[in-house]
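K.L.:
Residue numbers (our numbering), protein chains in the order written: chain A, 7 to 215; chain B, 7 to 215.
Here a beta-carbon is modelled for each residue, glycine too, at the ideal position from N, C-alpha and C.
Protein chains: 2
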Amino acid sequence: MERLFYQISENEKEKLFRFLETNILTFPKNTIMLSNTKDKIIGIILKGYVQIIRTDYQGNRTIIEELEEGDIFGTILSSLDSDECEAITKENTKVLIIDYNSILSYQNTKYKYYNQFIKNLLEITTSKIEEKNERIEILTKKTIRDKLLEYFNIYAKKHGSKIIYLPFSYTNLADYIAVDRSAMSRELSYLKEEGFIETKGRKITLLYK
Amino acid sequence: MERLFYQISENEKEKLFRFLETNILTFPKNTIMLSNTKDKIIGIILKGYVQIIRTDYQGNRTIIEELEEGDIFGTILSSLDSDECEAITKENTKVLIIDYNSILSYQNTKYKYYNQFIKNLLEITTSKIEEKNERIEILTKKTIRDKLLEYFNIYAKKHGSKIIYLPFSYTNLADYIAVDRSAMSRELSYLKEEGFIETKGRKITLLYK
DNA sequence: TCCAAAAAGTTGCAATTGCAACAAAATATT
DNA sequence: AATATTTTGTTGCAATTGCAACTTTTTGGA
Chain A
7 MERLFYQISE NEKEKLFRFL ETNILTFPKN TIMLSNTKDK IIGIILKGYV QIIRTDYQGN
67 RTIIEELEEG DIFGTILSSL DSDECEAITK ENTKVLIIDY NSILSYQNTK YKYYNQFIKN
127 LLEITTSKIE EKNERIEILT KKTIRDKLLE YFNIYAKKHG SKIIYLPFSY TNLADYIAVD
187 RSAMSRELSY LKEEGFIETK GRKITLLYK
Chain B
7 MERLFYQISE NEKEKLFRFL ETNILTFPKN TIMLSNTKDK IIGIILKGYV QIIRTDYQGN
67 RTIIEELEEG DIFGTILSSL DSDECEAITK ENTKVLIIDY NSILSYQNTK YKYYNQFIKN
127 LLEITTSKIE EKNERIEILT KKTIRDKLLE YFNIYAKKHG SKIIYLPFSY TNLADYIAVD
187 RSAMSRELSY LKEEGFIETK GRKITLLYK
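(1) With a 10 Å radius around its C-beta and 16 neighbouring C-beta atoms as the bar for buried, classify A:Asn126 as buried or exposed.
(2) Return helix, strand or coil for A:Ala189, following the three-state DSSP convention.
(3) Have a look at B:Thr146, B:Arg9, B:Glu97 and flag the residue whose alpha-carbon is nearest the alpha-carbon of B:Gly220.
(4) Would you call the region 28-40 of chain B in contact with the region 90-108 of chain B, where contact means no fewer than 3 C-beta pairs closer than 8 Å?
(5) If we count the other Cβ atoms within 10 Å of its Cβ and call it buried at 16 or more, is B:Thr211 buried or exposed?
(6) Anyone know if the C-beta pair for B:Ile59 and B:Cys91 falls short of 9 Å?
(7) Evaluate contact between the region 144-162 of chain B and the region 179-192 of chain B, counting only Cβ atoms and requiring at least three cross-stretch pairs below 8 Å.
(8) With distances taken Cα to Cα, identify the nearest neighbour of B:Arg151 among B:Glu200, B:Glu74, B:Glu71.
(9) Compute the Euclidean distance between the alpha carbons of A:Tyr55 and A:Thr95, then round it to the nearest angstrom.
(10) Is the CB-CB distance between B:Tyr117 and B:Phe11 below 9 Å?
(11) According to DSSP, is A:Thr149 helix, strand or coil?
(12) What's the gap between the Cα of B:Thr132 and the Cα of A:Thr205?
(13) Report yes if the C-beta of A:Ile104 is less than 8 Å from at least one heavy atom of the ligand FMN; otherwise report no.
(14) Quick check: B:Leu154 and B:Leu197, are their CB atoms within less than 9 Å of each other?
(15) Quick one: which unbroken alpha helix (DSSP H) runs of 4-plus residues sit fully inside the region 161-208 of chain B? Chain order, please.
(16) Can you grab the Cα-Cα spacing for the pair A:Lys215 / A:Lys164, in whole Å?
(17) Please report how far the alpha carbon of A:Asn159 lies from the alpha carbon of A:Glu72, in whole angstroms.
(18) In its own chain, which residues sit with a C-beta less than 6 Å from the C-beta of B:Ile30, not counting the 5 before and 5 after it?
(19) For a contact defined as C-beta to C-beta under 7 Å, what are the partners of A:Lys21 on chain B?
(20) Check whether the Cβ atoms of B:Gly80 and B:Tyr106 sit closer than 9 Å, and answer yes or no.
(21) Which two residues bound the contiguous beta strand (DSSP E) that contains B:Glu92?
(22) Kindly indicate if chain B contains any beta-carbon less than 9 Å away from that of A:Thr131.
(23) What are the boundary residues of the beta strand (DSSP E) that B:His33 is part of?
(24) Please check if any C-beta of chain A sits within less than 9 Å of the C-beta of B:Asp77.
(25) Measure how close the beta-carbons of B:Tyr176 and B:Ser191 come, nearest whole angstrom, since I'm counting them as under 8 Å.
(26) Residue range of the beta strand (DSSP E) that A:Phe79 falls in?
(27) Determine, for A:Thr99, whether the minimum Cβ-Cβ distance to residues of chain B falls below 9 Å.
(28) What residues in the region 177-194 of chain B bring their beta carbon closer than 7 Å to a beta carbon of chain A?
Here it is in structure tokens:
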């Protein structure tokens with residue numbers, strides 16, 4: 007939210023909404039959020055909590071994304087478009103929907119903040135690409151050990167520190183690096199035994215290099 | 007190239023280059039293309055052929071991207087930024103470099119084609135996200151068989167056909183889905199035996215569903 | 001504070017995979 | 001057309017992993 011309207015005041019934001027095709031929708035807890043149109047949209051969670059769940063052809067369900075207040079989603083940002091995905095509200099949720107085509111077809115460029123908005127959108131999309139590249143870098147590693155180390159290295163470089171505070175549970179980490187949780191747990195034990203890392207809860211300390 | 011300057015004529019393109027901070031660089035065959043600045047850039051291959059190669063901490067080298075005439079790359083689009091990456095020209099190569107900050111800091115929005123340019127850039131970045139999502143969908147599958155089937159399904163859906171013409175070699179497919187080539191070859195044999203697919207060279211026919 | 005639920009750790013075992021080392025086939029190159 | 005190079009197919013074997021089943025620990029409500 008903040009990023010999408012970076013350097014745009016509340017006032018200007020309201021104006022922007024009038025230029026663009028926007029909609030505010032409210033969904034009760036545990037509803038399936040469906041886009042009524044087939045158009046591309048950008049959604050912003052104004053309030054609430056949503057899970058994006060994918061069911062594959064074998065019936066396996068996985069949470070592929072979790073969205074909180076301020077998070078941005080949509081046909082162009084996530085894989086919401088694929089038929090196998092559902093967005094389910096886990097709380098009362100209020101969502102702002104912006105029609106993507108109305109962003110791109112908007113011709114009246116005299117309105118200054120329109121450009122700022124587009125720039126912000128561009129920043130968000132490029133940082134999404136970076137995120138995806140990081141995950142791909144991890145997923146292409148062949149062993150669980152190498153996946154973990156790649157994850158650690160990326161985190162450490164980004165934060166400039168050898169101490170990692172996992173932003174989610176180990177269960178979620180296993181999903182993120184796409185390996186079996188118990189097998190990952192085993193590998194973490196080996197890494198500890200061999201003196202590469204130390205852990206205390208979700209705090210991991212890298213002892214190598 | 008076409009996409010970045012979609013609906014922008016050659017004339018307007020030239021004008022645009024004068025507004026933005028652009029540079030045309032030429033590299034001989036087998037040179038390492040280095041960005042002299044640390045700034046974010048967008049590059050466009052005007053002529054030639056480039057490979058982006060990553061060397062990880064174990065010394066394994068993998069081609070992570072191949073760029074031809076018209077392709078767009080850059081700090082914001084690929085993982086060129088990471089230290090482990092090199093871009094090596096495989097032919098005489100001419101590259102147009104656009105400073106990313108000059109795109110975003112450009113204030114004079116009176117110039118109509120500037121907006122078209124930004125919109126095109128946005129289209130390119132969002133379609134990159136889609137590409138990455140597809141690959142992640144494949145990479146998160148646990149077995150080689152499931153990875154292959156996911157690849158086939160995505161392709162088939164996109165082309166609306168049960169006949170697949172691999173856009174690259176089986177060796178490259180193995181890299182793309184991040185498995186051992188010979189193990190993939192074995193799995194393809196099983197799929198043939200079991201009557202799920204038929205292959206003739208790089209043409210694969212899906213016999214299921 | 002107690003209880004239920006979720007998360008995390010452990011381990012045996014079978015299935016899958018990577019690796020290595022080839023041979024055969026297809027492509028490029030001279 | 002002959003040769004070199006790359007791609008593809010095959011297979012044995014050891015290493016890695018997923019799966020299942022279970023225990024222990026942690027977390028979050030009532």
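P.N.:
So, from the data block:
(1) Position 120 of the first sequence, counted from the first residue, corresponds to residue 126 of chain A. Flag for A:Asn126 reads buried.
(2) Mapped onto the first sequence, residue 189 of chain A falls at position 183. DSSP places A:Ala189 in helix when its eight states are reduced to three.
(3) Since the first residue of chain B shown is 7 and the last is 215, residue 220 of chain B is not available in this structure.
(4) With a cut-off of 8 Å, the region 90-108 of chain B and the region 28-40 of chain B count as touching, because enough Cβ pairs lie within range.
(5) For the purposes of this step, residue 211 of chain B is identified with residue 205 of the second sequence, where counting begins at 1. By the 10 Å Cβ count, B:Thr211 comes out exposed.
(6) Position 53 of the second sequence holds residue 59 of chain B. Position 85 of the second sequence holds residue 91 of chain B. Yes. Within cutoff.
(7) The way I'd put it, the region 144-162 of chain B does touch the region 179-192 of chain B; three or more beta-carbon pairs between them come closer than 8 Å.
(8) Counting from 1 along the second sequence, the entry for residue 151 of chain B is found at position 145. Considering only alpha carbons, the answer is B:Glu200.
(9) For this step, residue 55 of chain A is matched to residue 49 along the first sequence. For this step, residue 95 of chain A is matched to residue 89 along the first sequence. Between A:Tyr55 and A:Thr95, the C-alpha separation is close to 6 Å.
(10) What you label residue 117 of chain B is simply residue 111 of the second sequence in a count that begins at 1. What you label residue 11 of chain B is simply residue 5 of the second sequence in a count that begins at 1. Their beta carbons are not under 9 Å apart, which means B:Tyr117 does not touch B:Phe11 by this criterion.
(11) By one-based count along the first sequence, residue 149 of chain A stands at place 143. Of the three classes helix, strand and coil, the one that applies to A:Thr149 here is coil, per DSSP.
(12) Here residue 132 of chain B refers to the residue found at position 126 when the second sequence is read from its first residue. Here residue 205 of chain A refers to the residue found at position 199 when the first sequence is read from its first residue. Taking the straight line from one Cα to the other gives about 38 Å.
(13) By its list of ligands, the structure shown contains no ligand whatsoever, and the ligand FMN lies outside what it can speak to.
(14) As a first step, residue 154 of chain B is located in the second sequence; it is residue number 148 there, counting from the start. As a first step, residue 197 of chain B is located in the second sequence; it is residue number 191 there, counting from the start. Yes, the pair counts as a contact, with Cβ atoms nearer than the cut-off.
(15) Restricting attention to alpha helix (DSSP H) runs no shorter than 4 residues, the region 161-208 of chain B encloses them at 176-182, 187-199, ordered along the chain.
(16) The sequence position of residue 215 of chain A within the first sequence is 209, counting from 1. The sequence position of residue 164 of chain A within the first sequence is 158, counting from 1. So the two alpha carbons sit approximately 16 Å from each other.
(17) Within the first sequence, residue 159 of chain A is the residue found at index 153, counting from 1. Within the first sequence, residue 72 of chain A is the residue found at index 66, counting from 1. Their backbone Cα atoms lie some 24 Å apart in a straight line.
(18) Position 24 of the second sequence holds residue 30 of chain B. Answer for B:Ile30: Leu102, listed in chain order.
(19) Counted from its first residue, the first sequence places residue 21 of chain A at position 15. Within chain B, no residue comes near A:Lys21; the closest Cβ sits about 16 Å away, beyond 7 Å.
(20) As a position in the second sequence, residue 80 of chain B is number 74, starting the count at 1. As a position in the second sequence, residue 106 of chain B is number 100, starting the count at 1. For B:Gly80 and B:Tyr106, yes; Cβs fall inside 9 Å.
(21) Taking the first residue of the second sequence as position 1, residue 92 of chain B is located at position 86. Where B:Glu92 is concerned, the enclosing beta strand (DSSP E) stretches over 91-95.
(22) Within the first sequence, the letter at position 125 stands for residue 131 of chain A. Any Cβ of chain B closer than 9 Å to the Cβ of A:Thr131 would place that residue at the interface, and such an atom is present.
(23) One-based indexing of the second sequence puts residue 33 of chain B at position 27. In the sequence as displayed, the identity of residue 33 of chain B is Phe instead of His. Taken as a continuous stretch (DSSP letters only), the beta strand (DSSP E) holding B:Phe33 covers 28-33.
(24) Counting from one through the second sequence, the residue named residue 77 of chain B turns up at place 71. No, B:Asp77 does not count as interfacial toward chain A.
(25) Counted from its first residue, the second sequence places residue 176 of chain B at position 170. Counted from its first residue, the second sequence places residue 191 of chain B at position 185. About 7 Å separates the beta carbon of B:Tyr176 from that of B:Ser191, a gap short enough to meet the 8 Å contact definition.
(26) Looking up residue 79 of chain A in the first sequence gives position 73. Taken as a continuous stretch (DSSP letters only), the beta strand (DSSP E) holding A:Phe79 covers 78-80.
(27) To locate residue 99 of chain A, count along the first sequence from 1; it is residue 93. Cβ-Cβ to chain B under 9 Å: no for A:Thr99.
(28) Answer in chain order: Ala184.
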